[in-house]
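Worksheet: the structure to be examined is printed underneath.
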Amino acid sequence: MSKLKNKNKSLARENIIKILYQHDVTKDKLNNIYKHFIDKREYDKKYLINILNIIEEKKEEIIDTIESNTDVKLNDTSPIDRSILFLSVAEILHKHDVPYKVVLNEAIKIAKKYSTEKSYKFINIILDKILKKIAAND
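In short: position in the sequence shown from 1, add 14, done, that's this note's numbering.
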């Protein structure tokens, strides 16, 4: 049961990345994209909707967390890497039931699957910097 639940969350994360990517490229609202989104695989829809709502509501906080804790300017990153960072930082800041290690591993896995060959290293470095700054502030 637990493995199936984890797989459903992993698929939800992949779908979140697809929706965020489409949002980044088209500038359409996340809700509109989700309404027309189709994935025949079973995934955790509740988790997906929760994360999309967090991203919609906390967009500025997520951007600020990324840009103020790293030397990255989001406009200088690719749409797919930006989407991965948005998802990961939303989870780090607002999904306290998800361990940081899981967030990091999922981000790396998605980057390896959907982005460039070196992207997962970039994502890992950025998230590691953010996690260290958060830990230092706790």
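Backbone N, C-alpha and C fix where the C-beta goes; we use that ideal spot for every residue, glycine too.
Note that the structure is predicted; figures quoted are calculated from it, not measured.
- By the neighbour-count criterion, in which 16 or more other beta carbons inside 10 Å mark a residue as buried, S82 falls on the exposed side.
- Counting only runs of at least 4 residues, the region 93–118 fully encloses the following alpha helix (DSSP H) elements, listed from N- to C-terminal order: 93–108.
- Distance between H108 and L62, taken at the CA atoms: about 13 Å.
- A direct Cα-to-Cα measurement between Y128 and L44 gives close to 20 Å.
- Within the same chain, Cβ atoms closer than 7 Å to the Cβ of E28 are found at I124, the five residues on either side in sequence being excluded.
- DSSP places Y61 in the uninterrupted alpha helix (DSSP H) bounded by K59 to E71.
- Straight-line spacing of the CA atoms in I76 and V103 works out to 6 Å.
- For N22, the CB contacts under 7 Å within the same chain, skipping 5 residues up- and downstream, are E56, Y57 and D58 in chain order.
- Take I30, set aside five residues on each side of it, and the residues of its chain with a beta-carbon closer than 6 Å to its own are L62, I65 and L101, in chain order.
- DSSP places S133 inside the alpha helix (DSSP H), whose first and last residues are S133 to N151.
- Its chain contains no residue whose beta carbon lies nearer than 6 Å to that of S24 once the 5 sequence neighbours on both sides are disregarded.
- With fewer than 16 other beta carbons inside 10 angstroms of its own, E74 counts as exposed.
- The beta carbons of I69 and L99 sit about 11 Å from each other, so the pair does not count as a contact at 8 Å.
- Only residues of its own chain outside the window of five on either side were considered, and among them Y134 have a CB closer than 7 Å to the CB of K126, listed in chain order.
- By the CB criterion at 8 Å, V116 and I106 fall outside the cutoff.
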